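Enquirer: Numbering (my numbering), first residue to last: 925 to 1135. Glycine residues also receive a C-beta, built at the ideal position from the N, C-alpha and C atoms. Owing to the predicted nature of the structure, the values given are computational and were not obtained by experimental measurement.
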């Protein structure tokens, strides 16, 4: 404590002698220590008192997102009016959670659009992300989406943090197999033994997990 505070031996004023930080992970929001007073010019009786110093928060921490934010959504889900829930994103703000300095509002900075309509929406108050259109995993443009999101606190002045979210579209079995030809023609001699090869046919399936 003596590294951060000093007591004037004559006036009793307590002064800060080093910068203080109240915020996690290394900060201290409340300092508690004991001071003493000695009479008879420092040679007499001693009295003690408890001191508590509460640090007032300032908005000096921007929201922080995790470096890897991933979500998934099944293809062909009907979004309806509300959309299909994908995931919840959360930013961390080390300022006092009881103040506006750590109250966050979420938004999408860079979205994906199809036919001029945004593919995703985010709820400002809780960071829940919804898909607003039906996905088709077989389209090259809809296998995966990357959007940029923002969290901004309500302190003065406000601070913001940016994060990237990767959303992968999960394949469902919605495509029937099909042959690469409409007609296969083969021939075999009449004396062919059992198990002799006649012809090879090949079927394809657009689904990624088809076997």
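1. With distances taken between CB atoms, is the gap from residue 1060 to residue 1020 smaller than 7 Å?
2. In terms of residues, what are the limits of the beta strand (DSSP E) holding residue 998?
3. Would you check if the stretch 965-974 and the stretch 937-949 touch, i.e. whether three or more CB-CB distances between them fall below 8 Å?
4. Round the Cβ separation of residue 1030 and residue 1013 to the nearest angstrom and send it over; I've been treating them as touching at under 8 Å.
5. Nearest-angstrom Cα distance between residue 1003 and residue 1043?
6. Mind reading off the beta-carbon distance from residue 975 to residue 959? Whole number of angstroms is fine, and I expect it under 8 Å.
7. Note down, in chain order, each residue of its chain lying with its Cβ closer than 7 Å to the Cβ of residue 1035, except the 5 sequence neighbours on either side.
8. Please report the residue range of the beta strand (DSSP E) in which residue 978 lies.
9. From the DSSP output, which residues share a beta bridge with residue 1038?
10. Counting beta carbon pairs with one atom in the stretch 1091-1104 and one in the stretch 1123-1131, are three or more of them shorter than 8 Å?
11. Output needed for residue 1123: all residues of its chain with C-beta closer than 6 Å, excluding positions within five of it in sequence on either side, in chain order.
12. Taking 6 Å as the line, does the beta carbon of residue 995 fall inside it for any heavy atom of the ligand HEM?
Expert: Taking the coordinates as given:
1. no
2. 993-998
3. no
4. Contact flag correct, Cβ pair sits at about 7 Å.
5. Their Cα atoms are separated by approximately 10 Å.
6. 6 Å
7. 1042, 1043, 1044, 1071
8. Element bounds for residue 978: 970-978.
9. 1041
10. Between the stretch 1123-1131 and the stretch 1091-1104 there are three or more inter-stretch CB-CB distances shorter than 8 Å, so the stretches are counted as touching.
11. 1108, 1110
12. Although the ligand HEM was asked about, the structure shown includes no ligands whatsoever.
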